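No gaps in the numbering here: position 85 of the sequence shown is 85 in the numbering used here, and each next residue is one more. Worksheet for the structure shown next.
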Amino acid sequence: MTKARAGFLVLCLAMLVYANSLGNGFAYDDNAVILHNPVVHSGDWRAALESPYHPDALDGAGLFRPLISLSFTLEWMVFEDGAFGYHFLNLLAHAGVTFLVFSLLAGIFPVIPA
Numbered sequence: 001m002t003k004a005r006a007g008f009l010v011l012c013l014a015m016l017v018y019a020n021s022l023g024n025g026f027a028y029d030d031n032a033v034i035l036h037n038p039v040v041h042s043g044d045w046r047a048a049l050e051s052p053y054h055p056d057a058l059d060g061a062g063l064f065r066p067l068i069s070l071s072f073t074l075e076w077m078v079f080e081d082g083a084f085g086y087h088f089l090n091l092l093a094h095a096g097v098t099f100l101v102f103s104l105l106a107g108i109f110p111v112i113p114a
């Protein structure tokens, strides 16, 4: 099997594994972090980079995930409260990272073990 075919197979499998998430809605902390977060809804990317990840966190006690918060803010501008778009982008990101890890391993090992 060639590296290109194996890479395509890995990419497809990574997408297939998480394809069942596309029909789901938001769950758990998505409600607080996305649906009820005024920073995400404001479209203010600077505030997204400076604010705690969880809007209900006490001062100094919250998680700080600026890139995720920025991502949610930008996604809200496109998808608003439609969970499908968020899940689709997560699926693409997961598949992309899986492909990159495979490519790295395929550069070190033969294709099948990679």
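Glycine is no exception: its CB is placed at the ideal position from the N, C-alpha and C atoms. All of these numbers come straight from a predicted model, not from anything done at the bench.
Through-space distance from residue j to residue i, alpha-carbon basis
i, j, result
"Ser69", "Gly96", "20 Å"
"Leu104", "Phe88", "24 Å"
"Tyr28", "Ile34", "11 Å"
"Thr2", "His94", "22 Å"
"Leu74", "Phe8", "29 Å"
"Ala32", "Leu16", "28 Å"
"Asp44", "Trp76", "11 Å"
"Phe102", "Ile112", "10 Å"
Where residue i falls, given that 16 or more other Cβ within 10 Å makes a residue buried
i, result
"Pro110", "exposed"
"Asn37", "buried"
"Phe72", "buried"
"Ala4", "exposed"
"Phe84", "exposed"
Inter-residue CB distance, residue i and residue j (contact presumed, cutoff 8 Å)
i, j, result
"Val40", "Thr98", "Actually they do not touch by this definition, with Cβ atoms about 27 Å apart."
"Ala106", "Ala14", "Not really, about 15 Å apart at Cβ, beyond 8 Å."
"Leu91", "Tyr18", "5 Å"
"Leu63", "Pro55", "Contact doesn't hold; Cβ gap of about 11 Å is too wide."
N- and C-terminal bounds of the alpha helix (DSSP H) containing residue i
i, result
"Arg65", "Unbroken run through Arg65: none, as it is neither H nor E."
"Asn90", "83 to 108"
"Glu80", "Note, Glu80: premise wrong, no alpha helix (DSSP H); not H, not E."
"Gly7", "3 to 18"
"Leu49", "45 to 50"
"Pro55", "That residue, Pro55, is in no alpha helix (DSSP H); it is neither H nor E in DSSP."
"His36", "From DSSP, His36 is part of no alpha helix (DSSP H); its letter is neither H nor E."
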